[in-house]
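Student:
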Amino acid sequence: MSNSNPGKTTAIVAYITIIGCLIAITMNIEPKNAFARFHIRQAFGIHILFHALAILLTYTGFVYLSVPIYIFYLIIWVYGFLQVLNEATKPLPVLGKYFQKWFTFIS
-16 MSNSNPGKTT AIVAYITIIG CLIAITMNIE PKNAFARFHI RQAFGIHILF HALAILLTYT
44 GFVYLSVPIY IFYLIIWVYG FLQVLNEATK PLPVLGKYFQ KWFTFIS
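Numbering (the working numbering), first residue to last: -16 to 90.
Next comes the structure, spelled out in structure tokens:
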């Protein structure tokens, strides 16, 4: 695999579950890479949103909404992952710019 962008591997790891996202955060400590940081924030937001909605649906009794939520999660996950593969830094629609603001602790 040709890795023309040094942060691409770290960014790919970020999209592989929330554990992968935490691993990617540690991978990007030194040297820091802006491309990886952008995608770690996007992936972290996707994973946190999914888990928060899953918990909310479980405790509110709206379990029938789990399938649309899961489909939404898959769509935004694929969108973000394709951005990494294309070496683009386009934020997710609607939420992406907020993920960049909210997760500034990821540097």
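Here a beta-carbon is modelled for each residue, glycine too, at the ideal position from N, C-alpha and C.
Would Lys15 be called buried (16 or more neighbouring beta carbons within 10 Å of its own) or exposed?
Tutor: The residue is exposed, with fewer than 16 neighbouring Cβ atoms inside 10 Å.
Student: Within 10 Å of its beta-carbon, does Lys84 have 16 or more other beta-carbons around it, so buried, or fewer, so exposed?
Tutor: With fewer than 16 other Cβ atoms within 10 Å, it is exposed.
Student: Which parts of the stretch 0 to 37 are runs of the alpha helix (DSSP H), unbroken and 4 residues or longer, counting only runs that do not cross its ends?
Tutor: As far as the stretch 0 to 37 is concerned, its whole alpha helix (DSSP H) runs of at least 4 residues are 0 to 10.
Student: In terms of alpha-carbon separation, which member of Leu68, Gln66, Phe33, Phe45 lies closest to Tyr53?
Tutor: Measuring from the Cα of Tyr53, the nearest candidate turns out to be Phe33.
Student: Which same chain residues, not among the five before or five after Lys73, have their C-beta less than 7 Å away from its C-beta?
Tutor: Cβ neighbours of Lys73 beyond the five flanking positions: Gln66.
Student: So for Ala(-6), helix, strand or coil by DSSP?
Tutor: Ala(-6): helix per DSSP, three-state reduction.
Student: Comparing C-alpha positions only, which one of Phe82, Ala71, Phe88, Leu78 sits nearest to Phe18?
Tutor: Checking every option, the nearest Cα to that of Phe18 belongs to Ala71.
Student: Could you work out which residue in Tyr47, Gly44, Ile59 is closest to Ile29 when comparing CA atoms only?
Tutor: Nearest C-alpha to Ile29: Ile59.
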